[in-house]
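Asker: Please find one structure pasted underneath; my questions will follow.
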Amino acid sequence: MCFAFRGSTLCWVDLSKGMVVCDLRAVIQHGAGPEFRFVRLPGECRTYDRGQRERLPNPEEFRNMACVGGSIKFVTMDGYGERPGSQVTMTVWTLSPDLCSWKKGVVYHVSDIWASESHISLGLLQALPSFPVLSVDEDDVVYLSFTDLDVTVEGRVEFKSQYLLRVDMQHNEVSHHPKSREEMPSQS
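Counting in full-length UniProt numbering, the sequence shown runs from 1 upward without gaps.
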């Protein structure tokens, strides 16, 4: 993934390691060559080498980074693919303005999604959501994908529906937005 920051900084993100940043101001203003530097993920976040990545879910399934309200933010689902869903948490980190250090922000338990009125009223399973995406307009709001499955008597898994979840981590508000069966990609 790649995004611009402050209009002149380009960020190339590898969600398993960190990101490469290049501030183009020196190039534009002084004709200097571009300078690149690497910004590691927060120290508490596990990083993955190529060999490890083959055995684990794709980082996009449980991590995301974006420019939110003038800051670079990183969300990770801690324990995704490693612990039971009830023990998975989402944590939002904010990169300092000098791009040198991360500050830990809101931590949200996935089990709070399952306990939400929205989730219960739809009668959904306590399954793990995935593919978090930070809202670029709202602080501490994360969108996730949730797939509702059914296991048949024969043991086959059938896709019932998919939802886009909006989680306001600061105010503990969860809303589900369904996709109709016709809107879902073929699952056969």
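The beta-carbon is built from N, C-alpha and C at its ideal position, and this holds for glycine as well.
Leaving out the 5 sequence neighbours to the left and right, which residues in its chain are closer than 7 Å to H30 when beta-carbon positions are compared?
Answerer: Numbered from its first residue, the sequence shown carries residue 30 at position 30. Excluding residues within five positions, none has a Cβ falling inside 7 Å.
Asker: Where does H119 fall in DSSP's three states?
Answerer: Start at 1 with the first residue of the sequence shown, and residue 119 comes out as number 119. In the structure shown, H119 sits in a helix (DSSP, three-state: H, G or I).
Asker: Using only alpha-carbon positions, find the residue among L99, E158, F146 that is nearest to C67.
Answerer: Taking the sequence shown and counting its residues from 1, one reaches residue 67 at position 67. When only C-alpha atoms are compared, the closest one is L99.
Asker: How many whole angstroms separate the CB atoms of T47 and K73, which I take to be in contact at a CB cut-off of 8 Å?
Answerer: The count along the sequence shown starts at 1 and reaches residue 47 at position 47. The count along the sequence shown starts at 1 and reaches residue 73 at position 73. Contact flag wrong, Cβ pair sits at about 18 Å.
Asker: Taking Cβ positions, are E158 and D150 nearer each other than 7 Å?
Answerer: Indexing the sequence shown from 1 puts residue 158 at position 158. Indexing the sequence shown from 1 puts residue 150 at position 150. Against a cut-off of 7 Å, the Cβ pair of D150 and E158 comes out as a contact.
Asker: By the 10 Å Cβ neighbour count, where 16 or more other Cβ atoms means buried, how is T76 classified, buried or exposed?
Answerer: Here residue 76 refers to the residue found at position 76 when the sequence shown is read from its first residue. It counts as buried.
Asker: Using beta-carbon positions only, say whether D168 and V133 come within less than 7 Å of one another.
Answerer: Within the sequence shown, the letter at position 168 stands for residue 168. Within the sequence shown, the letter at position 133 stands for residue 133. No.
Asker: Tell me whether N58 is buried or exposed, calling it buried when 16 or more other Cβ atoms sit within 10 Å of its Cβ.
Answerer: On the sequence shown, residue 58 is found 58 positions in, with the first residue counted as 1. Its Cβ having fewer than 16 others within 10 Å, N58 is exposed.
Asker: At what residues does the alpha helix (DSSP H) containing R25 begin and finish?
Answerer: Start at 1 with the first residue of the sequence shown, and residue 25 comes out as number 25. Unbroken alpha helix (DSSP H) run through R25: 25–30.
Asker: Looking at the strands, I want to know which residues DSSP matches up with F36.
Answerer: Locating residue 36 in the sequence shown gives position 36, where the first residue counts as 1. In DSSP, F36 forms a bridge with C22.
Asker: Sort H119, V106, E60, Q170 by Cα distance to I163 and report the nearest one.
Answerer: Against the sequence shown, residue 163 aligns to sequence position 163. Sequence check: residue 163 is Tyr here, not Ile. Among H119, V106, E60, Q170, the Cα nearest to that of Y163 belongs to H119.
Asker: On a Cα-Cα basis, can you pick out the residue from S101, N172, E82 that is closest to F38?
Answerer: Along the sequence shown, read from residue 1 onward, the residue named residue 38 stands at position 38. Nearest C-alpha to F38: S101.
Asker: Just verifying my parser: in three-state terms, what is the DSSP assignment at V13?
Answerer: Taking the sequence shown and counting its residues from 1, one reaches residue 13 at position 13. If DSSP states are grouped into helix, strand and coil, V13 belongs with the strands.
Asker: Going by C-alpha to C-alpha distance, which of V13, D148, L122 sits closest to L128?
Answerer: Here residue 128 refers to the residue found at position 128 when the sequence shown is read from its first residue. Comparing Cα positions, the closest option is D148.
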